[in-house]
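Under the working numbering, the first residue of the sequence shown carries the number 6, and numbering increases by one thereafter. Each residue gets a CB set at the ideal place from its N, CA and C atoms; glycine is no exception.
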Amino acid sequence: MSNNNHEQCAAELKEIKSKLFALSGMVQSLLWTVGNSDFKQESYMKMLIKQQSDLQQKIDYICCYIEVKKQWDEEDYPQN
6 MSNNNHEQCA
16 AELKEIKSKL
26 FALSGMVQSL
36 LWTVGNSDFK
46 QESYMKMLIK
56 QQSDLQQKID
66 YICCYIEVKK
76 QWDEEDYPQN
């Protein structure tokens, strides 16, 4: 994978991460506005937060992997 592809993937993942964070905030705000007195709403909110957290961890891992891979590629194939 070329450095250009790495940079494009990293940029797209950062955008996804940003949108995911914003969406999570909107969902939490909406659920709190509706009210979480009902057990189903509270458990639903916890499920959404867990899913968001799981996705966030996966995205963080992929971003980290891309950065490390990019460094390895630069060390193995310097562009002098």
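In this structure, does DSSP put residue i in helix, strand or coil?
i	result
Tyr82	coil
Hey, out of the options, whose CA is closest to residue i's CA?
i	options	result
Met52	Ile67, Gln33 and Ala16	Gln33
Phe26	Gln13, Asn10, Ile64 and Cys14	Ile64
Tyr49	Pro83, Ser29, Cys68 and Gln61	Ser29
Output the distance between the C-alpha atoms of residue i and residue j, rounded to the nearest integer angstrom.
i	j	result
Lys74	Lys22	19 Å
Glu47	Gln57	15 Å
Ile71	Asp81	15 Å
Leu18	Cys68	7 Å
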